[in-house]
């Protein structure tokens with residue numbers, strides 16, 4: 001029954017984000033059922049049910065006759081906060097939730113449900129600017145906190161130049177460069193994505209330290225050189241094994257001797273029985289990609305060794321976008 005009710009919890013969270021509930025309650029404000037009904041234009045019964053359900057999920061807490069944000073909601077669900085997660089909630093609600101209702105079709109056909117491979121080159125190829133903005137904002141939302149967790153788990157201070165392959169809007173380099181004044185970084189992504197990355201980089205005050213270079217890491221014959229560490233964060237789960245092996249080979253070629261590669265992902269265990277976050281993200285790759293899936297740390301380690309990397313190790317941590325990083329060095 002908990003599995004059945006899982007969607008109820010998600011849709012309650014999504015409704016709160018859609019209404020702006022948690023942003024309205026920022027800074028310790030409390031709201032009664034009557035106030036919520038008036039502010040959101042709801043009848044009393046739905047307002048009461050929404051507040052009670054949100055409290056049951058740990059998103060709100062009772063304060064006298066009213067409700068206020070929990071510490072979790074105050075940190076992650078208030079617009080404008082550094083690790084605001086609402087963009088990911090909105091994207092999942094608008095983009096992937098309804099296609100998931102047809103998961104049986106995806107299982108039978110082995111085809112994605114959120115885009116048409118016969119009309120588009122990939123899920124990133126679309127003429128819908130609103131969808132693109134939602135996607136990259138969602139990825140930035142997930143990536144910012146994940147980058148913080150990775151920076152706690154892996155010491156980037158030994159490096160001077162970072163190449164973030166498929167870096168989206170630049171969440172990882174922004175987080176790392178805020179922490180490490182000596183670090184410089186390059187985001188490599190499609191040209192239209194780099195436009196958004198430059199905006200985010202400028203907002204962070206890091207224009208002079210982080211570049212955004214347009215390119216296609218799958219089609220370009222070589223990756224930009226001059227970097228001593230390459231990051232692949234939440235990238236390899238989008239593609240099949242041959243594509244990933246080819247990309248790792250290009251990473252090896254782009255690094256100098258002693259350079260490092262960091263593969264940051266939701267890793268399956270070696271038995272492929274969990275954890276649920278990684279296994280269910282694999283199911284989401286069935287919905288969203290042609291050949292993607294979530295892989296185990298052992299699989300990544302084998303591919304890295306075959307590409308010529310040495311000293312392969314896994315660094316575990318806990319974050320919304322990843323639970324570990326497989327790290328290796330070019331000899």
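In UniProt numbering, the protein residues as written are 1 to 331. Beta carbons are placed, not taken as given, at the ideal position from N, Cα and C, and that holds for glycine.
query, result
"Leaving out the 5 sequence neighbours to the left and right, which residues in its chain are closer than 7 angstroms to residue 171 when beta-carbon positions are compared?", "140, 143, 144 and 147"
"Run the CB neighbour count on residue 221, radius 10 Å, all protein chains shown included, and call it buried at 16 or more, exposed below.", "exposed"
"How would you call residue 288, buried or exposed, if buried means at least 16 neighbouring beta carbons within 10 angstroms?", "buried"
"Hey, could you find the ends of the alpha helix (DSSP H) residue 284 is sitting in?", "276-288"
"How is residue 273 classed by DSSP in three states: helix, strand or coil?", "coil"
"Assess contact between the segment 316-326 and the segment 224-236, defined as three or more Cβ pairs (one per stretch) separated by less than 8 angstroms. Is contact present?", "yes"
"What does the Cβ neighbour count give for residue 207, buried or exposed, with the cut at 16 atoms within 10 Å?", "exposed"
"When DSSP labels each residue in this structure, what does residue 18 get in the three-state scheme?", "helix"
"Mark residue 109 as exposed unless 16 or more other C-beta atoms lie within 10 angstroms of its C-beta, in which case mark it buried.", "exposed"
"Which two residues bound the contiguous alpha helix (DSSP H) that contains residue 39?", "33-40"
"Inspect the beta-carbon positions of residue 189 and residue 166 and report whether they are closer than 7 angstroms.", "yes"
"Leaving out five residues before and five after residue 154 in sequence, what residues of the same chain have Cβ atoms less than 7 angstroms from its Cβ?", "262, 315, 325 and 327"
"For residue 269, is the classification buried or exposed, using 16 other Cβ atoms within 10 angstroms of its Cβ as the cut-off for buried?", "exposed"
"Could you give the residue range of the alpha helix (DSSP H) that holds residue 108?", "103-109"
"Verify whether the separation of the beta carbon atoms of residue 223 and residue 198 is less than 7 angstroms.", "no"
"Quick one, are the C-beta atoms of residue 408 and residue 23 less than 7 angstroms apart?", "Shown here, the chain extends from 1 to 331; a query on residue 408 therefore has no answer."
"Determine which residues share a DSSP beta bridge with residue 11 and list them.", "Paired residue(s): none; residue 11 is not in a bridge."
"CB of residue 223 to nearest heavy atom of the ligand SAM: below 6 angstroms?", "With respect to the ligand SAM, the structure offers nothing, as it holds no ligand at all."
"Among 72, 244 and 176, which one has its Cα closest to the Cα of residue 201?", "176"
"Could you tell me which residues DSSP puts in a beta bridge with residue 261?", "230 and 328"
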